[in-house]
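Chains as they are written, first to last, in the numbering used here: chain H, 97 to 331; chain A, 100 to 119. In this text, a Cβ means the ideal position worked out from N, Cα and C, and glycines have one as well. None of these values were measured; they are calculated from a predicted model.
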């Protein structure tokens, strides 16, 4: 008997393959003295620019732009740090105990220690190890995109949403896409489930990162751009 | 919305939303 034909990827997945944003770079200010203020300034600036990219990317997810503006805002305010952390984690997969904040900003434990990033480093590393165990590298291209979509659409009853049904429909279509993705891996039929099981650790890591940056904001020593501040305050 | 002005603006300055 012929093996069953692979189910074609949903429109969502095939569309996401096209709209993945271009890489952005950290570009640390060469005139600043090395140290924690420089490192955190670099990261806050990077996060601000990545946020702009994430917002633009979210608008390309089929169905997202048809939600009310208030619901789009609620979903992004809820998921932005998880999406940022997930992007960092996927970039770090090929490395050994290094965190790739950007292609030009790769930090190992010693560098993290001297630049005040050790808390973040220690928080993110277990997530990198977890995805490495899942041998995520091979599927990085698709799974990263689908995961980011799933993050954008958590359970609508857990937050303030105007039109729960519309968000639910978006969530359903994303779950269908995840199932399609699973269909691409007949050797590992529980792959989508394993991916979803990583979400609690991702949430926990993102919460730590938000707390970290919020306390930095309260200290007032590191300049932060308005969008990043806005999103931190929304948390 | 006033409090989240930039997010609001970025979402409103829509490049044509994708309709699949």
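Helix, strand or coil at residue i [DSSP, three-state]
i	result
residue 227 of chain H	helix
residue 257 of chain H	coil
residue 116 of chain A	Confidence at residue 116 of chain A is low in this model, with a pLDDT of 44, below 50, so the placement of that residue is unreliable and no value is reported for it.
residue 310 of chain H	helix
residue 195 of chain H	strand
residue 318 of chain H	coil
residue 104 of chain A	helix
Sequence-distant residues of the same chain with beta carbon closer than 7 angstroms to residue i, five excluded per side
i	result
residue 154 of chain H	160, 172 and 248
residue 312 of chain H	136 and 318
residue 170 of chain H	255, 256 and 257
7 angstroms Cβ cut-off: residues of chain A touching residue i
i	result
residue 169 of chain H	103, 106, 107 and 110
Min CB distance residue i to chain D below 8 angstroms
i	result
residue 178 of chain H	Absence of chain D from the displayed structure is noted, the protein chains being H and A.
Proximal residues to residue i (C-beta, below 6 angstroms), its chain only, five neighbours per side dropped
i	result
residue 266 of chain H	159 and 249
residue 321 of chain H	144
residue 120 of chain H	145
Min CB distance residue i to chain A below 8 angstroms
i	result
residue 288 of chain H	no
residue 221 of chain H	no
residue 327 of chain H	yes
residue 274 of chain H	no
residue 172 of chain H	yes
residue 330 of chain H	yes
residue 306 of chain H	no
residue 165 of chain H	yes
residue 109 of chain H	no
residue 148 of chain H	yes
Cross-chain neighbours of residue i in chain A, by beta carbon under 9 angstroms
i	result
residue 322 of chain H	104 and 105
Short Cβ contact (8 angstroms threshold) for residue i with residue j
i	j	result
residue 188 of chain H	residue 179 of chain H	no
residue 202 of chain H	residue 213 of chain H	no
residue 109 of chain H	residue 284 of chain H	no
residue 128 of chain H	residue 137 of chain H	yes
residue 323 of chain H	residue 147 of chain H	yes
residue 329 of chain H	residue 106 of chain A	no
residue 53 of chain H	residue 305 of chain H	In the structure displayed, chain H extends from 97 to 331; residue 53 of chain H sits before or after that span and is not available.
residue 125 of chain H	residue 134 of chain H	yes
residue 294 of chain H	residue 226 of chain H	yes
residue 110 of chain A	residue 165 of chain H	yes
residue 185 of chain H	residue 210 of chain H	no
Within chain A, partners of residue i - CB distance below 8 angstroms
i	result
residue 151 of chain H	106, 109 and 110
Sequence-distant residues of its chain with Cβ nearer than 8 angstroms to residue i (five each side left out)
i	result
residue 299 of chain H	178
residue 107 of chain H	158
residue 163 of chain H	171, 259, 262, 263 and 266
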